[in-house]
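S.K.: In my numbering, the protein residues as written are 11 to 177. For each residue, glycine too, the CB sits at the ideal point set by N, CA and C.
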Amino acid sequence: MNDKAQCHPSDVINNMKIHHEVKVSYDKVWKVREIASNSIRGTLEASYALLSAFSDAMIRNNLGTYTTEEADEEGRLKSYLMALAALIDAWNYHLPVILVDGATMKNKYRSTLISTCTINGDNQIVPLAFVVVDSKNDLSRTWFFHNLKIVSGENNELVLYLMLTKL
């Protein structure tokens with residue numbers, strides 16, 4: 011194999027053909043790659059299952075930290091939000107502006123990671139909350155903005171700057 015950080019199935023197929031004269035299907039290589047990745051890093055399901063314990067530890071050790079999560083009918087994570095106590099407390103001393111940006115996570119669930127930031131008196135960007143939602147739909151948006159309001163509190167002069175193309 012080569013020293014690439016990411017080994018693509020097509021690389022494995024070509025190497026097996028050139029070095030071992032064996033034809034391997036793309037599906038088979040993908041499945042083996044997934045099994046190897048899961049044995050090294052663990053599964054997404056196992057990682058998501060740890061979020062509740064992580065949230066409890068954060069709340070216990072950082073009084074004032076706010077976390078919330080929502081699961082679907084099968085118990086799979088749909089939405090998760092975490093705002094650390096220090097960031098919530100600092101929010102009182104920032105401009106009433108919240109920047110919202112997100113990115114699609116490249117995993118089998120295609121979740122969206124949303125970060126919210128604000129600007130302090132020194133014109134520095136400071137994080138406020140981190141959010142994972144299962145998809146970009148009305149329920150996810152409603153859930154996100156409801157919990158953002160809990161974190162940021164009542165402020166009639168709040169300005170939201172959405173940097174997302176489709177939130």
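On the three-state DSSP scale, how would you describe K116?
M.R.: Coil.
S.K.: So, with DSSP's three-state summary, where would you put E44?
M.R.: The answer is helix: DSSP assigns E44 an H, G or I state.
S.K.: Pair every Cβ in the stretch 88-100 with every Cβ in the stretch 143-153, then say whether three or more of these pairs are closer than 8 angstroms.
M.R.: Yes, the stretch 88-100 is in contact with the stretch 143-153.
S.K.: Relative to the C-alpha of M173, which candidate in E164, T126, L61, N147 has its C-alpha closest?
M.R.: When each option's Cα is compared against that of M173, the closest is T126.
S.K.: Would you kindly report the start and end of the unbroken alpha helix (DSSP H) that includes V179?
M.R.: One cannot answer for residue 179 here, as it falls past the ends of the chain, which runs 11 to 177.
S.K.: So the candidates are N130, S145, V39; which of them puts its Cα closest to the Cα of H104?
M.R.: When only C-alpha atoms are compared, the closest one is N130.
S.K.: Quick check: what's the CA-CA separation for L158 versus L60?
M.R.: If I take the Cα positions, the gap works out to 23 angstroms.
S.K.: Should A113 be labelled buried (16 or more other beta-carbon atoms within 10 Å of its own) or exposed?
M.R.: Flag for A113 reads exposed.
S.K.: Do you know whose CA, among M115, I160, T128, lies nearest D144's CA?
M.R.: It is M115 whose Cα lies nearest to the Cα of D144.
S.K.: Just reading off the alpha helix (DSSP H) that S20 is part of, what are its end residues?
M.R.: Residues 19-30.
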